[in-house]
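Have a look at the structure below before the remarks.
2 protein chains.
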Amino acid sequence: MSTNRQLTAAMFIGVRGDGIISFGSGQPDLPPPKEVYDILPDYNGFRYGLIQGQVNLREALAKQYPRSTADSFVITNGASEALDLALRAIAWMQKKKGGRKPKCLLCRPYYYSYLPLVEYAGFEPVFTDLVEGRIVYEDFERKVRDCKVVLINSPSNPTGRVEAIDTLRQIEKISEDLGIYVLSDEVYKDLIYVRENYLLKGLHVVTINSFSKTFGMTGLRVGYLWSLDNELVKTVIEMKSHTSMNTSIIAQEMACAATTVPKSYIDGQIRIWEERRDIIYRGMIDLGLDLWKPEGAFYVLPKIENPRDFVWDMFHEYKVITYLGEWFGAPDRVRFSYALDADKIEEGLDRVGRYLKKRSRH
Amino acid sequence: MSTNRQLTAAMFIGVRGDGIISFGSGQPDLPPPKEVYDILPDYNGFRYGLIQGQVNLREALAKQYPRSTADSFVITNGASEALDLALRAIAWMQKKKGGRKPKCLLCRPYYYSYLPLVEYAGFEPVFTDLVEGRIVYEDFERKVRDCKVVLINSPSNPTGRVEAIDTLRQIEKISEDLGIYVLSDEVYKDLIYVRENYLLKGLHVVTINSFSKTFGMTGLRVGYLWSLDNELVKTVIEMKSHTSMNTSIIAQEMACAATTVPKSYIDGQIRIWEERRDIIYRGMIDLGLDLWKPEGAFYVLPKIENPRDFVWDMFHEYKVITYLGEWFGAPDRVRFSYALDADKIEEGLDRVGRYLKKRSRH
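Sequences listed follow chains A and B, in order. Numbering (this note's numbering) for the first sequence: 1048 to 1409. Numbering (this note's numbering) for the second sequence: 1048 to 1409.
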């Protein structure tokens, strides 16, 4: 492929258009529950909110997390800012203690923002390679001993896999024993097809979550971090008072309304996601692709030959957006988000099939 | 004062309560124009927006800035995020070029977030001291030659002063000649009592602005940066795609509605601000305080003896929030925001007078 075929995920986020089928960004097409909009007609807020986040929202969250109060949460501009601030805060605390450049362990393939966030914050990245989309604890343990932080993402974007609970317990233990921070990105916690979510616990655990995926509120940007480590929470609040101040108060109020939605809403959503998962997984197997069966989230990560040509041509010739596996540390693969309705998934798979067939003839 | 009297601005932001008079955060008490709320009843957005910001909002802004298109803007979570991203992006570009730790020039007293933002981004801060709240160009020039970036803030928070246009032109010239980035924080551009705003121009100028102060929308968090430097704008967008993604789409839509408000609205606001300015300036002179006459924004920065005791006691004994000058690089002063109505300003001044009188008796 030619060198001017520069592709980045940032180019595609928010792009929509006639005839485009986007397997690109992790954007649920299902709208949020109506409760989220019910607060709007009478809304009249405008003042600065508390940097840590609105009290009503943090109190609602505290009921969902064990041994928590509203003080254990910081509301952020999506999970992205929660990750960014957590990493920056840990690096900052480390710097103040005069430490060397700290290391951060990443499980590869990883969510594409992890590597830049880790580097922006000044960490040296270290990698443990997943096997069949799961952590191999022996390799993980050997590498994590040298790190200040590790990023965990189960269910995983981009693999769609869910970690074994035994592995997560081993990670809790080593975090506790060695004082290593575990940033556990659980934004897909409500989208698991194989078991209930396992919430990582411990004094050095920082859980990252958001309203984006569960409630289809991606563009509104409300996420949060939860931690029982007071020093970390305080440092994050201090940093956020300079880097962005409070998260938009109207978006927080919408998120607060989402916390009142009955559990049956989420159960209904997951049935839709599972049906789509079955369509794309079966469709890709039928196309002869090599992929792992997704257990959560809404991604598949099949192996594709010449993935750069594939992503470029699918977009420019077939109006299908897909994401290069190399952005996720998986250079022989392509990521598909199946956050779109069944008809579109089938139409998209059809275009992929036509392209692969045409390519195999050359 | 005792060492456990720890005070930070972050503690006070968003704090309200019965009987509290806050001269603390720069929070206009005047609500936004009604147009801002008119979009809410029918609002139904939820999807990711473009990282750079909504097209309608950027197009509306492009009409306000010379030689601009929608591509020259990035919409951010308030001016805070615009500053943070601009600094991080410049530091990142510098790092990629393999440069030494870059320096950033600050005009002291400075807005209290500048120093932490500069340090978080990895710059070494360098200071030029203002005289009567204004830049002394000789000192400025000598120090800026060694810097990669300089932060300018006119009208200034915390001094309330406005730079001479001649000085701003000299700064434009040296930025152009030496390729030094000028981050010009103009969030108070619509609140100047002495002249029209002078918009800094040049290829290395990054203008920081927001809807917070002009339209009373602080808590909604919509700011932006404007720059004709494509490489910088691209780097900021790439970073923001990882650190927070799009700015909340509903808040952007509210900001877009604010751009339709007639100029007479802003003229009406400034008359209110000027009246308040006169009350607090006159009141402080009557109390015998030493301060500069504010020319813009809504702050005064009088000299106060034992400022730490003052801020602590005023809050705990008189329910009056003020900010320590030392947070702004002015350790012998205290900052008062006069963003509250005339009655409250007078009541607050009365409490300050009573405290100072009591203190002078001891």
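From the three backbone atoms N, C-alpha and C, an ideal C-beta is built for every residue, glycine too. All values reported here derive from a predicted model rather than from experimental measurement.
Length of the line joining the Cα atoms of residue i and residue j
i         : j         : result
A:Arg1181 : B:Leu1387 : 57 Å
B:Val1191 : B:Leu1371 : 27 Å
B:Val1269 : B:Ile1392 : 28 Å
A:Val1165 : B:Thr1254 : 28 Å
A:Lys1143 : A:Val1229 : 20 Å
B:Ser1259 : A:Tyr1365 : 43 Å
B:Asp1360 : B:Gly1073 : 21 Å
A:Glu1243 : A:Ala1211 : 12 Å
A:Lys1405 : B:Ile1296 : 40 Å
A:Pro1080 : B:Gln1316 : 39 Å
A:Tyr1095 : A:Gly1343 : 37 Å
A:Arg1147 : A:Gln1101 : 36 Å
B:Pro1341 : B:Ile1199 : 17 Å
B:Thr1050 : B:Leu1134 : The pLDDT assigned to B:Thr1050 is 43, lower than 50, so where the model puts this residue is not dependable; a value taken from the coordinates is nonetheless given after this. Rounded to whole angstroms, B:Thr1050 to B:Leu1134 spans 33 Å at the Cα level.
B:Ile1351 : B:Asp1379 : 6 Å
A:Ala1117 : A:Ala1298 : 18 Å
A:Asp1089 : B:Asp1089 : 12 Å
A:Thr1175 : A:Arg1401 : 36 Å
B:Phe1334 : B:Tyr1157 : The sequence given here has Leu at residue 1334 of chain B, not Phe. Taking the straight line joining both Cα atoms gives about 25 Å.
B:Ala1056 : B:Arg1382 : 11 Å
B:Met1058 : A:Leu1246 : 30 Å
B:Gln1053 : A:Tyr1240 : 49 Å
B:Val1347 : A:Ser1127 : 37 Å
B:Asp1224 : B:Ser1119 : 22 Å
A:Thr1307 : B:Ile1284 : 34 Å
Residue range of the beta strand (DSSP E) that includes residue i
i         : result
A:Pro1172 : 1171 to 1176
B:Asn1353 : Segment: none, B:Asn1353 is in no beta strand (DSSP E) and carries neither H nor E.
A:Phe1059 : Here A:Phe1059 belongs to no beta strand (DSSP E); instead the alpha helix (DSSP H) covers 1056 to 1059.
A:Val1253 : 1252 to 1257
B:Tyr1271 : 1270 to 1274
B:Val1062 : Where B:Val1062 is concerned, there is no enclosing beta strand (DSSP E), given that its DSSP letter is neither H nor E.
A:Arg1382 : 1381 to 1384
Contacting residues, own chain, Cβ-Cβ under 6 Å from residue i (five flanking each side not counted)
i         : result
B:Ile1313 : Asp1237
A:Tyr1184 : Thr1214, Gln1217
A:Gly1066 : Lys1366
A:Ser1069 : Ile1368
A:Leu1177 : Cys1154
N-terminal and C-terminal residue of the alpha helix (DSSP H) that residue i is part of
i         : result
A:Asn1277 : 1277 to 1290
A:Gly1395 : 1389 to 1408
A:Arg1323 : 1310 to 1333
A:Leu1164 : 1161 to 1167
B:Tyr1084 : 1082 to 1085
B:Met1264 : Here B:Met1264 belongs to no alpha helix (DSSP H), and DSSP marks it neither H nor E.
B:Ala1305 : 1296 to 1305
Proximity winner among the options, relative to residue i (alpha-carbon distances)
i         : options                                    : result
A:Gln1141 : A:Gln1099, A:Ile1227, A:Arg1094, A:Lys1248 : A:Ile1227
B:Ala1129 : B:Leu1348, B:Asp1333, B:Ser1291, B:Glu1394 : B:Ser1291
A:Ala1377 : A:Val1367, A:Asn1353, A:Met1361            : A:Asn1353
A:Pro1078 : A:Ser1115, A:Glu1278, A:Leu1104, A:Met1264 : A:Met1264
A:Met1301 : B:Arg1324, B:Glu1322, B:Leu1267, B:Met1286 : B:Leu1267
B:Leu1087 : B:Asp1379, B:Ala1305, B:Glu1233, B:Arg1380 : B:Ala1305
B:Leu1097 : B:Tyr1240, B:Asn1293, B:Ile1060, B:Lys1148 : B:Asn1293
A:Val1083 : B:Tyr1084, B:Val1083, B:Glu1082, B:Asn1091 : B:Asn1091
B:Ser1288 : A:Asn1124, A:Arg1105, A:Ser1115            : A:Asn1124
A:Ser1222 : A:Ile1060, A:Asp1131, A:Glu1179, A:Glu1188 : A:Glu1188
B:Val1121 : B:Arg1105, B:Gln1111, B:Val1308            : B:Arg1105
A:Ser1311 : A:Phe1345, A:Tyr1112, A:Leu1225, A:Phe1262 : A:Phe1262
B:Tyr1271 : B:Asp1085, B:Phe1093, B:Ala1109            : B:Ala1109
A:Arg1114 : A:Leu1275, A:Val1280, A:Met1286            : A:Leu1275
Contacts around residue i, its chain only, beta-carbon distance under 7 Å, and the 5 residues preceding and following it disregarded
i         : result
A:Thr1282 : Ala1136, Trp1139, Met1140
B:Met1048 : Confidence at B:Met1048 is low in this model, with a pLDDT of 41, below 50, so the placement of that residue is unreliable and no value is reported for it.
B:Phe1362 : Ile1368
B:Gly1169 : Ala1138, Lys1148
Below-8 Å beta-carbon distance, residue i vs any chain D residue
i         : result
B:Pro1080 : Looking at the structure shown, chain D is missing, and the protein chains on hand are A and B.
Same chain, Cβ closer than 8 Å to residue i, five either side skipped, listed in chain order
i         : result
A:Ala1389 : Glu1322, Arg1323, Ile1326
A:Ile1319 : Leu1077
A:Asp1193 : Lys1150, Val1173
A:Asp1337 : Pro1349, Lys1350
Review point. For the segment 1173 to 1248 of chain B, which segments carrying the alpha helix (DSSP H) assignment without a break, of at least 4 residues, lie completely within its bounds, in sequence order?
Key: 1184 to 1191, 1212 to 1225
Practice item. Mind listing, in chain order, the continuous alpha helix (DSSP H) runs of no fewer than 4 residues lying wholly within the segment 1097 to 1156 of chain A? Key: Inside the segment 1097 to 1156 of chain A, DSSP marks whole alpha helix (DSSP H) runs of 4 or more residues at positions 1102 to 1109, 1125 to 1143, from first to last along the chain.
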